[in-house]
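K.L.:
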């Protein structure tokens with residue numbers, strides 16, 4: 113079944129760039145993964161803003177002069193579209209910023225854009241999170257408050273982020289109807305938010321008693337479905353390590369600051385570096401190891417079949 117997402121682009125072909133000093137403006141475009149195989153390329157009628165991808169060039173680079181910042185170089189992928197457009201999106205974990213063109217380089221080998229570039233995991237407003245004082249709405253939690261975790265008992269929150277989005281494309285939440293995974297009430301999470309799946313099937317199929325699976329890969333069109341429309345406010349709960357917390361009676365992950373979507377958000381990264389000054393990327397990877405193995409799309413669907 114086709115899946116549609118929203119991503120950031122410059123309207124530029126690094127192989128045929130505009131004049132130095134030309135304005136480059138961040139544009140949001142939809143991307144459709146026609147056969148839902150978790151990548152975007154010229155095969156299987158994948159498209160950008162409704163126009164089929166005819167070629168894709170990962171590794172292109174664009175340098176932009178951003179007002180108040182200076183020169184910023186983005187490494188990403190360029191899509192050539194059937195309608196004649198050429199569009200570039202970063203794959204290096206950066207969020208695009210508008211500015212003026214400085215220079216570009218381009219590659220000669222084609223390849224795909226992976227879905228894993230999109231969307232940091234998070235909860236929605238109203239979600240009840242287990243704490244030592246009982247379940248509490250996520251929006252009333254504050255840094256320093258204790259939350260009950262599966263592996264390490266009560267742990268203090270280090271940081272809480274919140275973002276408001278139009279509930280469309282990659283930002284449309286996944287709704288788990290009450291009882292879908294044993295949850296006591298309906299639960300809404302972002303598409304990349306990973307749920308903890310336990311039991312004999314996980315151990316039989318993957319050799320692990322507990323695994324994590326992104327919410328979007330658990331969608332069954334019935335008790336678990338996408339819910340686009342209106343606006344949605346997402347909350348990120350960060351601890352000193354990647355934790356498993358309980359939301360609406362079922363376990364799922366806390367915020368993982370090293371996922372591609374989180375690393376692409378400069379505001380989030382700036383706050384994290386304030387919280388953990390002097391931490392290098394290597395230090396952060398050592399600190400935030402994933403709490404459980406993560407399933408791929410086909411593995412999650414096999415588990416839920």
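In the numbering used here, the protein residues as written are 113 to 417. Glycine included, each C-beta is placed from N, C-alpha and C at the ideal position. Model, not experiment: these values are computed from the prediction.
Residue 499 to residue 304, Cα distance in whole Å?
P.N.:
In the structure as shown, the chain starts at 113 and stops at 417, and residue 499 therefore has no counterpart that could be examined.
K.L.:
For residue 132, which three-state DSSP category applies?
P.N.:
In the structure shown, residue 132 sits in coil (DSSP, three-state: anything other than H, G, I, E or B).
K.L.:
Look at residue 239 and residue 345 and say whether their C-beta atoms are less than 8 angstroms apart.
P.N.:
Contact flag unset, no.
K.L.:
Which one or two residues does DSSP pair with residue 164 in a beta bridge?
P.N.:
Answer is 159.
K.L.:
With a cut-off of 8 angstroms, do at least 3 Cβ pairs link the segment 211-222 to the segment 165-178?
P.N.:
Because the criterion of three Cβ pairs below 8 angstroms is met, the segment 211-222 and the segment 165-178 touch.
K.L.:
When you compare the segment 313-330 with the segment 234-249, are there three or more beta-carbon pairs, one atom per stretch, that lie closer than 8 angstroms?
P.N.:
Judged by Cβ distances under 8 angstroms, the segment 313-330 makes no contact with the segment 234-249, as fewer than three pairs qualify.
K.L.:
Under 8 angstroms between the Cβ atoms of residue 235 and residue 252?
P.N.:
It is not a contact, given that the beta carbons lie outside the stated cut-off.
K.L.:
Should residue 185 and residue 198 be called a contact, given that it needs their Cβ atoms to be closer than 8 angstroms?
P.N.:
Result no, Cβ atoms of residue 185 and residue 198 do not sit closer than 8 angstroms.
K.L.:
Inspect the beta-carbon positions of residue 210 and residue 132 and report whether they are closer than 8 angstroms.
P.N.:
Not in contact: residue 210 and residue 132 (Cβ atoms no closer than 8 angstroms).
K.L.:
Leaving out the 5 sequence neighbours to the left and right, which residues in its chain are closer than 6 angstroms to residue 417 when beta-carbon positions are compared?
P.N.:
Excluding sequence neighbours, residue 417 sits near nothing in its chain.
K.L.:
Within 10 Å of its beta-carbon, does residue 355 have 16 or more other beta-carbons around it, so buried, or fewer, so exposed?
P.N.:
That one is buried.
K.L.:
Measuring alpha carbon to alpha carbon, tell me which of 226, 176 and 159 ends up nearest residue 193.
P.N.:
Nearest of 226, 176 and 159 to residue 193, Cα basis: 159.
K.L.:
Applying the criterion that 16 or more other CB atoms from any shown protein chain within 10 Å of the CB defines a buried residue, is residue 368 buried or exposed?
P.N.:
With 16 or more Cβ atoms within 10 Å of its Cβ, residue 368 is classed as buried.
K.L.:
Quick one: is residue 326 buried, meaning 16 or more other Cβ sit within 10 Å of its Cβ, or exposed?
P.N.:
Buried.
K.L.:
Where in the segment 183-254 do unbroken runs of the beta strand (DSSP E), each at least 3 residues long, occur, reported from the N-terminal end onward?
P.N.:
For the segment 183-254, whole beta strand (DSSP E) runs of length 3 or above, ordered along the chain, are 198-202 and 211-217.
K.L.:
Can you name, in chain order, every residue of its own chain whose Cβ lies under 6 angstroms from the Cβ of residue 363, other than the five neighbours on each side?
P.N.:
Within the same chain, residue 363 has close Cβ partners 262, 308 and 356.
K.L.:
Thinking C-beta only, is residue 339 closer than 8 angstroms to residue 258?
P.N.:
Taking 8 angstroms as the Cβ cut-off, residue 258 and residue 339 do not qualify as a contacting pair.
K.L.:
Under 8 angstroms between the Cβ atoms of residue 289 and residue 335?
P.N.:
It is a contact, given that the beta carbons lie within the stated cut-off.
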